[in-house]
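Q: Residues 22 to 235, numbered by our numbering, are exactly what the sequence shown covers, in order.
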Amino acid sequence: WGYRDVEVERLLRPKCISIFDLAGGESQVMAYVADKTLREIWARATVGKLPHPVFVVLEEAHNLVPGGYRQATRASRIINTIASEGRKFRVYLILITQRPSRISEETLSQCGSQVIMQLTNPHDQEAVARAAETISRGLLADLPGLNRGEAVILGQLTRVPVMVKVGRRLSAEGGSDVDLVEELERAREEAGVLKLAESARSKGPSPPVQEKWF
22 WGYRDVEVER LLRPKCISIF DLAGGESQVM AYVADKTLRE IWARATVGKL
72 PHPVFVVLEE AHNLVPGGYR QATRASRIIN TIASEGRKFR VYLILITQRP
122 SRISEETLSQ CGSQVIMQLT NPHDQEAVAR AAETISRGLL ADLPGLNRGE
172 AVILGQLTRV PVMVKVGRRL SAEGGSDVDL VEELERAREE AGVLKLAESA
222 RSKGPSPPVQ EKWF
């Protein structure tokens with residue numbers, strides 16, 4: 022995203038994953054990139070210029086298509102359009118979020134299938150209940166008790182709700198939580214080294230050594 026545009030054809034090559042790493046960027050920039058990219062894909066899809074199906078994955082989707090009291094972003098309209106009509110034109114949308122209650126209900130309701138991991142927030146549980154018609158109150162109550170890596174699959178992916186255990190990833194781990202104990206231990210060691218250095222400086226230079234010859 023410099024002085025030259027990105028060719029959409031490069032992003033849509035078969036057997037290719039194109040990743041836009043927008044971590045740390047401003048929300049306006051993130052929305053602009055999503056809006057521009059999706060509109061160009063959609064423009065090709067609606068005139069039959071997509072040679073194969075395209076899957077669009079939006080990580081932290083609540084930042085791009087917020088709902089409730091949060092103001093819509095520049096990308097909200099095109100995301101809602103693809104969510105409701107994309108399947109007819111072979112454009113499929115996958116939303117990933119830890120806060121489903123912050124996603125637009127219009128978009129969330131178009132998700133034909135859900136893969137739900139541990140949810141403890143009541144607002145998030147209610148948002149899932151409204152979007153997933155097949156989820157029961159009993160299953161909803163069990164979501165806070167899911168262990169790490171466990172998920173419930175609902176919707177068109179399966180005839181009945183299924184609980185699965187997600188395998189460990191094979192690629193390099195990234196974006197995980199900081200090991201707080203390890204970080205604090207390292208900070209304590211660094212503080213000890215700095216204290217010794219400061220103590221040595223406060224004593225001043227060592228007196229010169231006198232050599233005597235016998």
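Ideal Cβ placement from N, Cα and C applies to all residues, glycine included.
If you're wondering where the values come from, they're calculated on a predicted model, not measured in any experiment.
1) Taking Met51 as part of the alpha helix (DSSP H), name the residues at either end of that continuous run.
2) Alpha carbon to alpha carbon, how far is Ala66 from Lys36? Give it in angstroms, no decimals.
3) For Phe76 and Ser39, what's the separation of their Cα atoms in angstroms?
4) Among Gln177, Ser105, Pro165, which has the Cα closest to the Cα of Gln135?
5) Go ahead and label Val183 buried or exposed: buried means 16 or more other beta carbons lie within 10 angstroms of its beta carbon, across all protein chains shown.
6) Tell me whether Ile174 sits in a helix, a strand or coil according to DSSP, three-state version.
7) Could you tell me which residues DSSP puts in a beta bridge with Lys109?
8) Assign Leu33 to one of three DSSP states: helix, strand, or coil.
9) Return the first residue and the last residue of the alpha helix (DSSP H) that Val214 is part of.
10) Just the C-alpha distance for Val27 and Val54, rounded to the nearest angstrom, thanks.
11) Counting C-beta neighbours from all protein chains within 10 Å, is the total for Gly45 16 or more, i.e. buried, or is it exposed?
A: Well, looking at it:
1) In the sequence shown, counting from the first residue as 1, residue 51 sits at position 30. Looking at the DSSP string, the run of the alpha helix (DSSP H) that includes Met51 is 48-66.
2) Here residue 36 corresponds to residue number 15 of the sequence shown, with the count starting at 1. Here residue 66 corresponds to residue number 45 of the sequence shown, with the count starting at 1. Computed Cα separation, rounded: 18 Å.
3) Here the question's residue 76 lines up with position 55 in the sequence shown. Here the question's residue 39 lines up with position 18 in the sequence shown. Roughly 11 Å separates the two Cα atoms.
4) As a first step, residue 135 is located in the sequence shown; it is residue number 114 there, counting from the start. The option with the nearest alpha carbon to Gln135 is Gln177.
5) Locating residue 183 in the sequence shown gives position 162, counting from the first residue. With fewer than 16 Cβ atoms within 10 Å of its Cβ, Val183 is classed as exposed.
6) For the purposes of this step, residue 174 is identified with residue 153 of the sequence shown, where counting begins at 1. In this structure, Ile174 counts as strand in the three-state DSSP scheme.
7) As a position in the sequence shown, residue 109 is number 88, starting the count at 1. In DSSP, Lys109 forms no bridge with anything.
8) As a first step, residue 33 is located in the sequence shown; it is residue number 12 there, counting from the start. Leu33 falls in the coil class under three-state DSSP.
9) Here residue 214 corresponds to residue number 193 of the sequence shown, with the count starting at 1. First-last of the alpha helix (DSSP H) with Val214: 201-223.
10) Along the sequence shown, read from residue 1 onward, the residue named residue 27 stands at position 6. Along the sequence shown, read from residue 1 onward, the residue named residue 54 stands at position 33. Looking at the two C-alpha atoms, the distance is approximately 11 Å.
11) Here the question's residue 45 lines up with position 24 in the sequence shown. The residue is exposed, with fewer than 16 neighbouring Cβ atoms inside 10 Å.
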